[in-house]
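The next block holds one structure in the form of structure tokens; read it before the comments.
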Amino acid sequence: MALDINAITDSVHFAHTDLVNWTLVADDTGVILIDAGFPGSRDDVLASLRHLGFGADDLRAILLTHAHIDHFGSAIWFAKTHGTPVYCHAEEVGHAKREYLEQASPLQVATHAWQPRWLKWSVAISRKGAFTHEGIPTAQALTGDVAAGLPGAPMAIPSPGHTGGHCSFVVDGVLVSGDALVTGHPVASRGGPQLLHKVFNHDQDGCVRSLAALAMLETDVLVPGHGPVWRGPIREAVVQATPR
Ligand SMILES: [Zn+2]
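Quick note on numbering: the sequence shown equals residues -15 to 228 in the numbering used here.
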């Protein structure tokens, strides 16, 4: 479960673990996180900040691609104990506050758990605090003005499907795709660009439509929510990921 941190560009750094990834964007005005791992990823998230020379109080904001526990877990703690602003797409704010939950239930997951990969994964994520229902009451909608003032001035690319308010980001030419497009997952039977298993997706048709929208982007580096960095024209990743 080693944490691996890679400089993708001068400002974009990709933190990769076996279970989930997050991205750091740093410049001389500070650092932001895009996604924040599980609650139990906190030490790794702090280590990734330290790796770039930052402490918890240097964190100017956390942007969420979506409010699933594996992506916003440590943000609960940052928001509560450091007052870190947490932003997501307007359509995802209620989810981040846990006014509702659009996540596969333990029961839905359990129907797959007889498969060794799923069972191993279920145990691993429960150790990372995956089954808390705590939300982030201070979560806010990311506006263009706010985004423009953050390190890297990330551009929001709405990509609903995996959740109703899922949002990808392009920052310094890098596509941060969250779970709209991944390159692997502990329960996936293959590596490479793909959608997550449909049990995880709120709206599978929406996922396919959002993939098509991502294909229009002119980026050639993809840092996903799960799986390794992928390099090449994004439309090629989308072709590989589109279910046929
Ligand atoms: Zn995820």
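All C-beta atoms, glycine included, are put in the ideal place defined by N, C-alpha and C.
Neighbourhood of residue i by C-beta, 6 Å cutoff - its chain only, sequence neighbours within 5 removed
{"i": "Gln87", "result": "His52"}
{"i": "Gly24", "result": "Lys112 and Gly113"}
{"i": "Glu118", "result": "Ile60"}
{"i": "His96", "result": "Trp102"}
{"i": "Ala40", "result": "His66"}
{"i": "Arg215", "result": "Val205"}
{"i": "Asp230", "result": "Only positions -15 to 228 of the chain appear in this structure, which leaves residue 230 out of reach."}
{"i": "Phe38", "result": "Val15"}
{"i": "Val9", "result": "Ser(-5), Val(-4), Ile16, Pro135, Gly136 and Val155"}
Host alpha helix (DSSP H) of residue i (start-end)
{"i": "Ala197", "result": "Gln188 to Leu198"}
{"i": "Pro231", "result": "Any answer about residue 231 is impossible in this case: the structure gives the chain only from -15 up to 228."}
{"i": "Ile(-8)", "result": "Ile(-8) -> no alpha helix (DSSP H), and no H or E assigned at all."}
Beta strand (DSSP E) segment containing residue i, residue limits
{"i": "Arg26", "result": "Unbroken run through Arg26 is the alpha helix (DSSP H), Arg26 to His35; no beta strand (DSSP E)."}
{"i": "Gly21", "result": "Looking at the DSSP string, Gly21 is not in any beta strand (DSSP E), and its letter there is neither H nor E."}
{"i": "Pro229", "result": "Within the shown structure, residues of the chain are numbered from -15 to 228, placing residue 229 beyond reach of any answer."}
{"i": "Thr65", "result": "Unbroken run through Thr65 is the alpha helix (DSSP H), Ile53 to His66; no beta strand (DSSP E)."}
{"i": "Val171", "result": "That residue, Val171, is in no beta strand (DSSP E); it is neither H nor E in DSSP."}
{"i": "Val9", "result": "Asn5 to Asp11"}
{"i": "Ala221", "result": "Not the beta strand (DSSP E): Ala221 falls in the alpha helix (DSSP H), residues Ile218 to Ala225."}
{"i": "Phe(-2)", "result": "Val(-4) to His0"}
{"i": "Leu48", "result": "Premise fails: Leu48 is in no beta strand (DSSP E) and is neither H nor E."}
{"i": "Val158", "result": "Val158 to Gly162"}
Exposure label - residue i; buried when at least 16 CB within 10 Å
{"i": "Val29", "result": "buried"}
{"i": "Leu91", "result": "exposed"}
{"i": "Glu76", "result": "buried"}
{"i": "Phe153", "result": "buried"}
{"i": "Phe62", "result": "buried"}
{"i": "Glu113", "result": "Note that residue 113 is Gly in the sequence shown here, rather than Glu. By the neighbour-count rule (16 or more Cβ atoms within 10 Å), Gly113 is buried."}
{"i": "Ala(-9)", "result": "exposed"}
{"i": "Ser110", "result": "exposed"}
{"i": "Asp163", "result": "buried"}
{"i": "Ser89", "result": "exposed"}
{"i": "Trp98", "result": "exposed"}
{"i": "Thr167", "result": "buried"}
{"i": "Pro144", "result": "buried"}
{"i": "Thr127", "result": "exposed"}
{"i": "Ala94", "result": "exposed"}
{"i": "Phe115", "result": "exposed"}
Nonlocal neighbours in the same chain, by C-beta distance under 8 Å from residue i, ignoring five residues either side
{"i": "Gln239", "result": "Since the first residue of the chain shown is -15 and the last is 228, residue 239 is not available in this structure."}
{"i": "Thr1", "result": "Met(-15), Ala(-14), Leu(-13), Asp(-12), Gly21, Ser25 and Asp28"}
{"i": "Leu43", "result": "Gly14, Val15, Ile16, Leu17, Leu33, Phe62, His66 and Thr68"}
{"i": "His55", "result": "Val4, Trp6, Asp19, Ala20, Gly21, Leu48, Thr49, Gly162, Asp163 and Gly209"}
Residues near residue i by beta carbon distance below 7 Å, same chain, minus five either side
{"i": "Ala31", "result": "Leu(-13)"}
{"i": "Pro217", "result": "Asp204"}
{"i": "His169", "result": "Leu180, His210 and Gly211"}
_Taking contact to mean 3 or more Cβ pairs, one atom from each stretch, closer than 8 Å, check whether the region 147 to 159 and the region 62 to 78 are in contact._
Verdict: yes, contact present.
*Do the region 176 to 192 and the region 104 to 121 touch if we need at least three Cβ pairs shorter than 8 Å?*
No, they do not touch.
*asked:* Please give me, in chain order, every unbroken run of the beta strand (DSSP E) with length at least 3 that falls completely inside the region 70 to 150.
replied: DSSP runs (the beta strand (DSSP E)) wholly in the region 70 to 150: 70 to 72 and 139 to 142.
*Report yes or no: do three or more beta-carbon pairs, one from the region 123 to 140 and one from the region 180 to 190, lie closer than 8 Å?*
A contact between stretches requires three or more CB pairs, one per stretch, nearer than 8 Å, and the region 123 to 140 fails this requirement with the region 180 to 190.
*Are at least three pairs of beta-carbons, each pair with one atom in the region 192 to 199 and one in the region 126 to 134, less than 8 Å apart?*
As far as the Cβ criterion goes, the region 192 to 199 does not touch the region 126 to 134, which means the pair count is below three.
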